[in-house]
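In the UniProt record's numbering, the protein residues as written are 1 to 713.
All C-beta atoms in this analysis are idealised placements derived from N, C-alpha and C, irrespective of residue type, glycine included.
For reference, the structure is listed below as structure tokens.
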């Protein structure tokens with residue numbers, strides 16, 4: 001009655017299946033003569049007592065298991081130890097310590113590997129071993145794992161059937177004891193169930209060109225997805241549930257997913273079996289597999305990303321980061337993203353004193369700013385800003401010739417004088433009134449006339465703001481129209497269905513790929529998909545650091561971001577005719593301030609990424625993390641934008657903390673680093689806007705705008 005079980009036939013089936021009727025084996029790739037049709041080489045077949053010319057599907061269980069196996073191996077795994085075969089042989093003599101991966105490496109290695117068992121005539125088996133030998137890789141060997149021994153232990157939950165599902169307890173994954181952290185092939189793959197299909201629910205009897213997803217949408221697909229393919233069929237994972245939406249909110253529960261997806265079955269996220277890649281990843285990369293208060297440290301094993309890379313010390317909780325609240329889809333204003341809501345800042349004051357000055361026209365009143373007198377925010381100094389409310393002195397005007405202005409009178413004492421009630425204790429004005437003499441001369445004595453202004457700033461970072469995320473868990477709902485952008489700012493296939501598509505963790509994580517693509521080198525039978533290893537930190541397919549995006553002379557074109565985002569539309573300083581970007585000036589804005597005026601006005605109204613790139617040219621140009629979160633999984637602000645006007649718990653600070661302006665000796669904003677999310681960040685937003693409607697006034701001077709923008713090196 002279960003189509004995933006073998007109807008055992010003693011005349012045709014391997015004897016193991018009489019007792020071990022593994023669910024899913026009947027139509028797995030390893031049991032398929034259409035897929036596992038590689039032939040053993042003569043040496044390997046002879047040493048294993050296999051018939052000459054035997055193919056993988058015919059060897060069946062005995063490819064990976066040996067009823068008598070070698071000393072040191074667990075679970076009767078063939079070759080599953082750290083032992084090295086004797087010279088001239090491809091079979092181990094026994095000894096060493098358990099090593100599950102060595103069983104897989106018999107076939108999943110380079111054909112030039114001295115212990116490779118296939119004859120190489122049909123090289124479609126992915127070479128996984130080579131990826132695990134790259135500079136950065138998962139801790140696949142026991143020597144790289146904290147316990148220095150193989151702790152992987154499927155079926156240790158106490159629940160019947162969890163062994164065949166390859167399920168382990170959270171404790172075994174590292175929750176409550178980081179010494180248990182590990183990675184083994186069967187943490188992600190169930191070799192009894194894998195198929196060579198684009199989708200795990202496709203018919204195994206009709207193998208596809210590969211067991212991984214069709215990234216290029218060549219089989220009639222209309223949009224990229226996050227649905228698992230055949231190589232993850234029948235594995236186990238977890239689906240997080242949330243009780244609130246702000247960035248930093250931890251899941252309140254994880255639902256365990258396991259079982260074999262039925263042919264042509266549902267791919268809904270609510271199914272009892274795994275349907276999405278992230279469900280596999282999150283069992284280790286979230287607080288399901290470690291305590292959020294005690295996450296794993298970077299650099300805890302030799303092949304890992306070194307501690308301190310991009311300032312990061314600990315792994316982040318990716319179930320928290322990738323949360324994609326439904327009511328944050330599209331481009332709404334939300335009050336629960338984690339950004340600060342309406343708040344009125346303390347009053348700021350500005351004072352001037354009128355001094356007599358002899359000019360070519362005689363004695364004149366000269367307005368001089370009292371130093372130090374400006375306690376305003378740099379943004380809030382007039383009623384011209386909708387968030388700024390100001391009042392000024394109301395006393396008599398000074399002088400009847402230039403310059404003229406309103407002085408402080410008796411009605412202003414309680415607001416502006418140090419002697420007023422409540423007054424301003426820091427005021428330079430003691431409340432003494434000017435005698436009203438409009439004609440300054442050498443006999444004028446203090447008190448000179450005073451002028452003052454008081455402003456209050458009301459900030460609200462929830463308007464036109466919402467959580468943002470790369471669509472790993474859920475689509476964004478922000479299509480090209482909502483974003484006011486050209487969809488082709490994304491490279492294929494991500495230009496096909498902006499807003500409704502999803503993506504895989506392995507679109508970014510895996511071995512190096514070519515410029516402008518995340519597809520592994522060599523095509524379908526080339527380098528493998530999956531986060532096994534990379535030469536880049538964080539197991540990424542391209543370089544990612546505080547310098548990323550900076551080489552707008554072409555040197556950054558192969559960096560991580562530009563494998564999905566078209567480099568020409570984001571960082572090419574020579575692009576004089578870019579496509580429309582959601583990051584562009586409001587078409588009715590007429591002045592963007594001195595710093596921005598050095599950019600080309602038409603570019604500013606089309607594509608401000610390219611416009612900025614024309615300002616900073618060469619090898620040290622506009623860098624991604626000046627404006628965007630340094631861990632771009634998901635974030636509290638739209639478009640993954642940082643905001644130094646609204647730091648919060650993600651930086652170890654109260655929500656709404658304003659980073660004071662910070663300038664170095666060259667008058668350039670030095671940038672703010674506070675790992676993991678802030679990496680030389682510079683952006684200071686005072687008003688979030690809908691895409692395509694940004695103005696200079698939306699950025700606080702001293703951040704990435706006006707003089708601050710013009711002077712950043």
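Buried or exposed, going by whether 16 or more other CB atoms sit within 10 Å of the CB of residue i?
i: residue 272; result: exposed
i: residue 216; result: exposed
i: residue 327; result: exposed
i: residue 313; result: exposed
i: residue 574; result: exposed
i: residue 422; result: exposed
i: residue 24; result: buried
i: residue 277; result: buried
i: residue 19; result: exposed
i: residue 519; result: buried
i: residue 132; result: buried
i: residue 576; result: exposed
i: residue 572; result: buried
i: residue 288; result: buried
i: residue 501; result: buried
i: residue 105; result: buried
i: residue 305; result: buried
i: residue 532; result: buried
i: residue 68; result: exposed
For chain D, find out if any of its Cβ atoms is closer than 8 Å to the Cβ of residue i; answer yes or no.
i: residue 51; result: No chain D is part of this structure, which consists of one protein chain only.
Just verifying my parser: in three-state terms, what is the DSSP assignment at residue i?
i: residue 449; result: coil
i: residue 598; result: Caution applies to residue 598, whose pLDDT of 47 falls short of 50 and renders its modelled position unreliable; the value that the coordinates give is listed next. Of the three classes helix, strand and coil, the one that applies to residue 598 here is coil, per DSSP.
i: residue 569; result: helix
i: residue 10; result: coil
i: residue 238; result: strand
i: residue 768; result: Here the chain covers residues 1 to 713 and nothing more, so residue 768 does not appear.
i: residue 603; result: helix
i: residue 116; result: coil
i: residue 326; result: helix
i: residue 278; result: helix
i: residue 344; result: strand
i: residue 20; result: coil
i: residue 513; result: strand
i: residue 212; result: coil
i: residue 548; result: coil
i: residue 77; result: strand
i: residue 310; result: helix
i: residue 4; result: coil
i: residue 129; result: helix
i: residue 206; result: coil
i: residue 180; result: helix
i: residue 699; result: strand
i: residue 714; result: A question about residue 714 goes unanswered here, because the residues of the chain that appear run from 1 up to 713.
i: residue 199; result: coil
Starting from residue i, trace the beta strand (DSSP E) both ways and give me its first and last residue.
i: residue 253; result: 253-257
i: residue 356; result: 348-359
i: residue 679; result: 678-681
i: residue 392; result: 388-392
i: residue 363; result: 362-369
Taking the continuous alpha helix (DSSP H) assigned at residue i, which residues delimit it?
i: residue 483; result: 480-483
i: residue 610; result: 608-615
i: residue 321; result: 318-321
i: residue 414; result: 413-416
i: residue 100; result: 100-105
i: residue 171; result: 170-173
i: residue 186; result: 185-188
Residue i bridges to which residues according to DSSP?
i: residue 398; result: 405
i: residue 434; result: None; residue 434 has no bridge partner.
i: residue 534; result: 136
i: residue 560; result: Looking at the DSSP assignment, residue 560 forms no beta bridge with any residue, so it has no partner.
i: residue 490; result: 565
i: residue 694; result: 585
i: residue 520; result: 513
i: residue 719; result: Since the first and last residues shown for the chain are 1 and 713, residue 719 lies out of range.
i: residue 291; result: 294
i: residue 457; result: 388
Enumerate, from N- to C-terminal direction, the unbroken alpha helix (DSSP H) stretches of 4 or more residues contained entirely within the region 22-59. 42-47, 56-59
Restricting to runs no shorter than 4 residues, where is the alpha helix (DSSP H) found entirely within the region 620-673? 624-627
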